[in-house]
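Asks:
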Amino acid sequence: MKIIITTFALILFTANLFGQQKANSELIFPMQEEHVHSSSVVALPNGDLLTCWFQGSGERKANDVVINGSRLKKGESEWSKPFLMADTPGQPDCNPVLFLNNQNKLFLMWIVVQANRWETSILKVKTTTDYLDKIDPKWEWQDVILMKPGKEFEERVKEQFDEYGRQDLVWAEYALPYEEMLIEAARDPKKRETGWMTRTHPTFLDNGKILLPLYSDGFNFGLIAISDDDGNTWRSSLPIIGRGLNQPSLVVRKDGSIDAYMRDDGDEPGRILISHSEDEGYSWTYGKKSEIPNPGASLEVIRLKSGKWLMVYNDVDDGRYSLAVAMSNDEGKSWKWKKKLENVKNGEFHYPSVIQAKNGKIHITYTYRLSDDQKTIKHISFSEEWIIDN
């Protein structure tokens, strides 16, 4: 028997699950069979919400994958009919990220999976200032963004693996350790300049600098694309290195230093990895496991207007069936408050995108999958007080 969930039923379910504090939720479009994944959400200056995701018959091996979008107009409760945001004919388009720069220009950044391999992906961008009058933005400019990590990338990889790596338990002359293969790959300019992919929102520093987190499935490293001119041009940080870290999300501390929280694709047990930067995101400490569970799934962490940190993540290490939101008042030393957003053993609820709007409301979109033919993107919104209220 198929499970049919209407927007009205979801709202009732949310109210019953979370008590008197109100958290609104709805499906952005009806359940359907196509693969939909990796959403991103942005709050526009007029109070509208804009979201996007990739959709098609699969991911990197499916050439029909496009970036679709939808808008929730201020004061309304239903999202618009999905519309096309980006399509590179004959190539998979994946992992979109939406954001506004310091001058409220709208950016859409995503990857084109060239040759159907994550490690040869190309980073693309669209921008516009014409996005308020129509449901779908009218894009004014598009380009490819090329990262160019230099010799210092290679040097950093060897330096950090020499100090922290070399943990392989088995070694043979014909099977080089994991770290040795990555050190060798880092010497290849083509490998270190290609395959950098988007996933989480950029972070804005007080001086206007934009830090866009990237990652590589070829290296299982992170990298930060740094813009000193409001997104017109981008330069590369040093890599964020560790054993199987992926998809960094950045949060700025009160002292100006930055933490990167990352997915764990390495050794068991699965735990969120954390790295730290003291120089505005250019160089990073070796990524190390925290005590926070991670099943090899993307997460996002932001700093709220109150100064508290908020994290949306899969809070178990054995699957993506449980999705939670947690909040910290001590910059990640502890996560005092936590609530489940989803917990259905046979479901998949993952790849969250989270923002806080000007009015303080927190908005999250995420992949929502109950079965092979029941897939969509879900949106939930609530106040900071809702998390605290138990």
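The sequence shown begins at 98 in my numbering and counts up by one. The C-beta atom is built at its ideal place from N, Cα and C for all residues, glycine as well.
Using the Cα positions of F250 and L320, report the straight-line distance between them to the nearest angstrom.
Replies: In the sequence shown, the residue the question calls residue 250 occupies position 153. In the sequence shown, the residue the question calls residue 320 occupies position 223. So the alpha carbons of these two residues sit roughly 10 Å apart.
Asks: Kindly list the residues whose CB is nearer than 6 Å to the CB of N201, restricted to its own chain and excluding five residues on each side of it in sequence; keep chain order.
Replies: Here the question's residue 201 lines up with position 104 in the sequence shown. Around N201: P142.
Asks: Distance check for P286 and I477, CA to CA, integer angstroms please.
Replies: Stepping through the sequence shown from its first residue, residue 477 is reached at position 380. Stepping through the sequence shown from its first residue, residue 286 is reached at position 189. Near 42 Å, if we compare the C-alpha coordinates of P286 and I477.
Asks: What are the uninterrupted segments assigned as beta strand (DSSP E) that are 3 or more residues long and contained completely in the stretch 316-392, given in chain order?
Replies: Whole beta strand (DSSP E) segments, 3+ residues: 318-324, 342-349, 355-361, 368-374, 385-390.
Asks: Tell me whether K178 is buried or exposed, calling it buried when 16 or more other Cβ atoms sit within 10 Å of its Cβ.
Replies: As a working mapping, residue 178 is identified with position 81 in the sequence shown. Exposed, since its Cβ has fewer than 16 Cβ neighbours within 10 Å.
Asks: Are there 16 or more other CB atoms within 10 angstroms of the CB of V441, so buried, or fewer, so exposed?
Replies: As a working note, residue 441 is residue 344 in the sequence shown. With fewer than 16 other Cβ atoms within 10 Å, it is exposed.
Asks: Measure how close the beta-carbons of G457 and S480 come, nearest whole angstrom, since I'm counting them as under 8 Å.
Replies: Reading the sequence shown from its first residue, position 360 is the one you call residue 457. Reading the sequence shown from its first residue, position 383 is the one you call residue 480. G457 to S480, Cβ: 7 Å. Contact.
Asks: Is F258 helix, strand or coil when you go by DSSP?
Replies: Numbered from 1 along the sequence shown, position 161 holds the residue referred to as residue 258. Of the three classes helix, strand and coil, the one that applies to F258 here is helix, per DSSP.
Asks: For A212, count neighbouring Cβ atoms within 10 angstroms of its own Cβ and tell me buried if that reaches 16, exposed if not.
Replies: Position 115 of the sequence shown, counted from the start, is the residue given in the question as residue 212. Answer is exposed; the Cβ neighbour count stays below 16.
Asks: Could you check whether the stretch 311-325 touches the stretch 409-428, counting it as contact only if at least three pairs of C-beta atoms, one from each stretch, sit closer than 8 Å?
Replies: No contact exists between the stretch 311-325 and the stretch 409-428.
Asks: Does the separation of the CB atoms of D470 and E131 fall below 7 Å?
Replies: Start at 1 with the first residue of the sequence shown, and residue 470 comes out as number 373. Start at 1 with the first residue of the sequence shown, and residue 131 comes out as number 34. Against a cut-off of 7 Å, the Cβ pair of E131 and D470 comes out as no contact.
Asks: Rounded to whole angstroms, what is the Cα-Cα separation between G328 and C149?
Replies: Residue 328 sits at position 231 when you count from the first residue of the sequence shown. Residue 149 sits at position 52 when you count from the first residue of the sequence shown. In a straight line, the C-alpha of G328 is about 20 Å away from that of C149.
Asks: K437 and A421 - do their beta-carbons sit closer together than 7 Å?
Replies: As a first step, residue 421 is located in the sequence shown; it is residue number 324 there, counting from the start. As a first step, residue 437 is located in the sequence shown; it is residue number 340 there, counting from the start. Yes, they are a contact pair.
Asks: Can you find the residues in the same chain that come closer than 8 Å, C-beta to C-beta, to A504, ignoring five residues on each side of it along the sequence?
Replies: Outside the shown range of the chain, which is 98 to 487, sits residue 504, and nothing can be said about it.
Asks: Is Q211 helix, strand or coil when you go by DSSP?
Replies: Counting from 1 along the sequence shown, the entry for residue 211 is found at position 114. Three-state DSSP puts Q211 in a helix.
Asks: Pull up the DSSP beta-bridge partners for Y228, would you.
Replies: Position 131 of the sequence shown, counted from the start, is the residue given in the question as residue 228. None, per the DSSP bridge assignment.
Asks: Between K235 and the rest of its own chain, which residues show a CB-CB distance below 8 Å, the 5 nearest in sequence each way excluded?
Replies: Locating residue 235 in the sequence shown gives position 138, counting from the first residue. Closer than 8 Å at the Cβ level, and outside the excluded window around K235, lie T225, D227, Y228.
Asks: With a threshold of 16 other CB atoms inside 10 Å of the CB of Q344, please say whether the residue is buried or exposed.
Replies: The residue labelled residue 344 in the question sits at position 247 within the sequence shown. That one is buried.
Asks: Could you give the first and the last residue of the continuous beta strand (DSSP E) run that contains R466?
Replies: Mapped onto the sequence shown, residue 466 falls at position 369. Unbroken beta strand (DSSP E) run through R466: 459-468.
Asks: Under a three-way DSSP split, which group does L279 fall into?
Replies: Your numbering for residue 279 matches position 182 in the sequence shown. Of the three classes helix, strand and coil, the one that applies to L279 here is helix, per DSSP.
Asks: Measuring only the C-alpha atoms, how far is G444 from G393?
Replies: Walking along the sequence shown from the start, residue 444 turns up at place 347. Walking along the sequence shown from the start, residue 393 turns up at place 296. Distance between the alpha carbons of G444 and G393: 16 Å.
Asks: Between which two residues does the alpha helix (DSSP H) carrying I485 extend?
Replies: The residue labelled residue 485 in the question sits at position 388 within the sequence shown. Its alpha helix (DSSP H) spans residues 481-485.
Asks: Buried or exposed for P186, going by 16 or more other Cβ atoms inside 10 Å?
Replies: Taking the first residue of the sequence shown as position 1, residue 186 is located at position 89. The residue is exposed, with fewer than 16 neighbouring Cβ atoms inside 10 Å.
Asks: Would you give the residue range spanned by the beta strand (DSSP E) that P193 belongs to?
Replies: The residue labelled residue 193 in the question sits at position 96 within the sequence shown. Here the beta strand (DSSP E) through P193 covers 190-197.
Asks: So L407 and S346 are supposed to be a Cβ contact under 8 Å. How far apart are they, rounded?
Replies: The residue given as residue 407 occupies position 310 in the sequence shown. The residue given as residue 346 occupies position 249 in the sequence shown. Between S346 and L407 the Cβ distance is about 11 Å, and since that is not below 8 Å, they are no contact.
Asks: Can you tell me the Cβ-Cβ gap for A357 and W381, rounded? I've got them flagged as a contact below 8 Å.
Replies: If you number the sequence shown from 1, residue 357 lands on position 260. If you number the sequence shown from 1, residue 381 lands on position 284. Going by Cβ atoms, the distance from A357 to W381 rounds to 7 Å, so yes, they are a contact pair.
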